[in-house]
Structures are given as structure tokens and as C-alpha cells.
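First the structure, in the form of C-alpha cells, and then the observations on it.
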Amino acid sequence: MAEFFDDTIAAISTAMTASGIGIVRVSGPDAFEIADRVYMGKNGKKLINQKANTIHYGWITGKQGEILDEVLVMLMKAPHSYTGEHTVEIDCHGGVIAMRKILEQLLLAGARPAEPGEFTKRAFLNGRIDLSQAEAVMDIISAKNEYALKSSVKQLQGSVQKEIRSIREKLIYQIAFIESALDDPEHISVDGYGEELLPIVQEAEHEIRRLIESADKGKMISEGIKTVIVGKPNAGKSSLLNVLSGEEKAIVTDIAGTTRDVVEETINVRGITLRLLDTAGIRESANQVERIGIQRAREHAKDADLILYVVDGSAALDENDEEIMQLIKDKKCIVLLNKTDLELCIQAEDLKEKTKAPVISISARENQGIDALEECIREMFFQGELSFNDEVMITNIRHKHALEEAEQSLLMVENSILDGMPEDFYTIDLMGAYEALGRILGESLGENLVNEIFSKFCTGK
């Protein structure tokens, strides 16, 4: 349902930094009138009298008529704009002072400052986009890698919306049929209807489960793979972090136990984001600070998406290695046999047999074996490639929770059918699933939740 606003908002929509071009956006019923109060066209024509989807050259003037900047002004008339309202975009020079001065004049001319995400919020409330598409806008802005960007663009184009609407259409048809039959039993029979409904419900469950299962991959694409580096002291963990990040992020010395706390760095590996955590070397220690660091290493390893177990190939395995092997058991793990530039005391085959994990020989000091590690990560998580041709991935935790709720409702419908319950029991849970899916698109959402979602956006978007 479209919602029309009686005020006009303005904000700077580009980064507040020195740049070639800056954009100041105005949206609302009085956008053209307000822009006309600060704009002076080359030919003296008023913006309000110009055609939609046109660009005009002129100047922005101050209170005394002084010229503040030379600009291009783009006009978009409702409903054919991003927000669905009259919109003016002023393309000015990208200096911070210039953009602020133009915004200041627009506010003096009658606009009010836009709240964070308010342009996109208006697009949603005016029916231009649904909530899943609105959230995709922010995902595009914050995309950390190529895959995250592609996934967000597909969601903005309506990939999630289409899937959800398809499932909801099937459910609402069944709800309407049952309700009609209950209201008019003389003309519509529901005898044996449970047997007809069961495969439809199971198909919807399957489609929802497929989307839920995509969420783990989607989360790793959008947020990055939580990758914890573990190993004994002086195994080369910090050297590995430095090599992967391309910077001296962690202190490297020959003194065992140099790393006491977790050092975190986000890197991009062949288009995949890794949230790398270098941890304290795991061993028995009398030092209280080091013990705290070791305990944090164990805790991070428990909820890691990937563990990189660095083994010092120049030293024999000991009880500390045995503890680490228990820690990585049943986890996604890559074992890195490090210091292969020295004489080895451990063989890769022996490590593979002990850990049941892939083993890659590297030398962090000589930057050897890193390509093989990167390819192994890619193969382990995404089978070497990610295809965005037909795959829809859930990247938003709110969407995942709504899908899980819908799945539970459909399971209750299935149980009611199998237990031979009356048909009105079906509609209660079918409607529960329908409404849960609707929340993904922004239907039946409270004002507070809508405000919370858009408050996370940047101002100007």
C-alpha cells in the first residue's frame, strides 16, 4: 500500500570527501519548488515547468544571490523515481564545503534533513520496492567482494521476492479454497482434501528448506568466512596472517608465545572474503595473560567456519598438537605444514592420516604454497566457482528466521493432515506460514521494526 508524505527531504548522497562529483538529493511533493528557490538556470526557466527525466545546466545560489556552485540538475516526476515521489538530484563539484553549502540552502528553502535510509524507506512505503529489495540496497553498498555484490544485485532485481511470492500464492489459494468450502459445504466438498493438500505442502516445505540451506553460504558470502588460525607457539601463524593480508599485521619473533591476544584482519582471497583471526599458540602456560589468550583461541575455534591448523614441520608433534587435533575434529579444517624451507621432521601423509583433513605444504617465510591454500579454500566452500544464473541465496538473518517459522507452520499442517484433523486446523497453520513469508517482503511489519531496519542505512540513501 502506497504511503504519501507531505514533507520534502534532502541529503547529500555521496561520500563527504574531496571527489570529482557530489550529489545532493531532494525528494517529496515540493521538491521542484524548493529546488527552484536555490537554482538559477542559464535560460531563466523554472524547473517546475520542465519535462520529467531531463537534465538542466545552471548554478546554485546563496541567500544574497551569490553563486555557490555550477551544477547539473536532474528532474524525476512521481511516480517514476527511486522514491516514487518528485525527486531532484543536484550534481555538483565534489568538495565537502560545496555540498554542505548546497544542502544548507535547500534546508533554508523548505526541505528537512533526511534521516538515515529515508529515501529507500520512502521507496518501500510508496510501493516502489519490497523490503527484501530495500535491504539489498544496503547490502550492495556494504558488499565486501564480487560474489556478495552479485548476490545483492540479484536480490535487488527481485530474486528473493519472486521465490517468496510463488510459495505464498500456492498457500493462499489453498487457504481460500478451504475457507470457501467451510462457508459453503453444500456446494464445495473437502472430502479427502487432506490427501490432495499433502504433496502441495511438502513441495512448499522443500522450497523453503532449500532457501534456508542457502543461508549459511549466503552468510559467508556477505559477511566472510570466519577463519581461525591455530597451532603451537612459533609454528608460523602470525607469519601466515601477514602473508595473506599483505601487511605486517602481527608481530613476528622467534620467541614462543609472542601472540597473546586475537589479531583480526579481513582479506579477499580470489573473490572470497575471509575474516582471519590469528590466535595465541596453544600450549600449557604459567603466564596468566597467555592463558587468557589460549582460552580465547579455543573459543574462537569452536564456532569457526574454517580452521587453518599451522604445524611447524621442523619440530616433532607433541601433546599440544594432540590437543589441537581434538579441537579441530569434525570441523572444516586445512592443515598447513609450515617451514618446508627447513629440514622436515613431519611428513604430509602422516598429518593427513592423523587429522583426516587436507594438508598443504607451505613456507610462510618464503611465501610458498599460498596459491594452493587459496584454491583449497575456494574448492572447500564453493566447489571452485559460484554460479548466480539460477541460484537464490538468503543472506539476511531476518529472512532466515522468517523462513524457519514458515517451515514449522507447514510441518504442523502436514502433521494435522496425517493425524486426520479437521480442515479448519489446516488453515490456521497455512496462514501462519503465509504471514511469516510475508514479513520477508515487508507485509505485516510493525512501524518500530521498519524504522530499525532503515536506521542502519547511511544518510542520503
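Its first residue numbered 4, the sequence shown is counted upward by one per residue in our numbering. By construction, the Cβ of each residue, glycine as well, lies at the ideal position given by its N, Cα and C atoms.
Beta-bridge pairing of residue i - partner residues as DSSP gives them
i, result
"Leu78", "Thr57 and Val91"
"Ile24", "His96"
"Gln205", "Looking at the DSSP assignment, Gln205 forms no beta bridge with any residue, so it has no partner."
"Ala375", "In DSSP, Ala375 forms no bridge with anything."
"Ala436", "DSSP, once it has assigned bridges, lists no residue as partnering Ala436."
"Asp306", "Asp306 is not bridged to any residue."
"Ser30", "Ile12 and Thr90"
"Leu311", "Ile232 and Ile337"
"Ser364", "Leu340"
"Pro116", "Ala13"
"Glu426", "DSSP, once it has assigned bridges, lists no residue as partnering Glu426."
"Asp72", "Ile63"
Limits of the unbroken alpha helix (DSSP H) element including residue i
i, result
"Thr123", "Glu121 to Leu128"
"Asn341", "Taken as a continuous stretch (DSSP letters only), Asn341 belongs to no alpha helix (DSSP H), being part of the beta strand (DSSP E) at Cys336 to Asn341."
"Tyr465", "Examination of residue 465 is not possible in this model, given that the chain is present from 4 through 464 alone."
"Asn418", "Ile400 to Leu421"
"Ser248", "Lys240 to Ser248"
"Tyr85", "Per DSSP, Tyr85 belongs to no alpha helix (DSSP H) and is neither H nor E."
"Asp133", "No alpha helix (DSSP H) contains Asp133, which DSSP labels as neither H nor E."
"Ser458", "Glu450 to Ser458"
"Gln329", "Glu322 to Leu330"
"Ala351", "Ala351 to Thr358"
Continuous beta strand (DSSP E) stretch holding residue i: start and end
i, result
"Ile15", "Ile12 to Ile15"
"Leu280", "Ile275 to Asp281"
"Glu267", "Val266 to Val272"
Whole-angstrom distance between residue j and residue i, CA atom to CA atom
i, j, result
"Lys104", "Ser22", "16 Å"
"Ile12", "Arg115", "5 Å"
"Ser458", "Asp142", "14 Å"
"Gly47", "Asp39", "11 Å"
"Thr261", "Glu149", "In this predicted model, Thr261 has a pLDDT of only 43, less than 50, meaning its place in the structure is not dependable; the value taken from the coordinates is given anyway. When rounded, the distance between both Cα atoms is 35 Å."
"Met99", "Cys461", "What sits at residue 99 in the sequence shown is Val, not Met. Each residue's alpha carbon lies about 17 Å from the other."
"Ile181", "Ile175", "10 Å"
"Glu369", "Leu247", "12 Å"
"Tyr429", "Val193", "12 Å"
"Asp186", "Gly221", "44 Å"
"Val29", "Leu152", "27 Å"
"Glu268", "Leu134", "32 Å"
"Leu389", "Glu382", "With a pLDDT of only 48 at Leu389, under the threshold of 50, the placement of this residue in the model should not be trusted, and no figure is reported."
"Thr230", "Asp324", "19 Å"
"Ser366", "Lys157", "40 Å"
"Ala360", "Met328", "10 Å"
"Glu208", "Tyr85", "35 Å"
"Met415", "Pro188", "24 Å"
"Arg273", "Glu377", "7 Å"
"Ala179", "Met434", "10 Å"
"Ser183", "Val204", "19 Å"
Supposed contact pair residue j and residue i - C-beta distance, whole angstroms, cut 8 Å
i, j, result
"Ala218", "Lys334", "Not quite, the Cβ-Cβ distance comes to about 19 Å (not below 8 Å), so this is no contact."
"Ala126", "Gly87", "6 Å"
"Ile93", "Val27", "4 Å"
"Lys240", "Asp281", "5 Å"
"Thr398", "Ser145", "Rounded, the Cβ-Cβ distance is 11 Å, inconsistent with contact."
"Ser364", "Leu345", "Going by Cβ atoms, the distance from Ser364 to Leu345 rounds to 12 Å, so no, they are not a contact pair."
"Ile420", "Gly197", "4 Å"
"Ile51", "Glu36", "6 Å"
"Leu320", "Ile349", "6 Å"
Practice problem: Write down every uninterrupted run of the alpha helix (DSSP H) in the segment 169 to 205 whose length is 4 residues or greater and which is fully enclosed by it, in chain order. | Solution: Qualifying alpha helix (DSSP H) stretches: none in this window.
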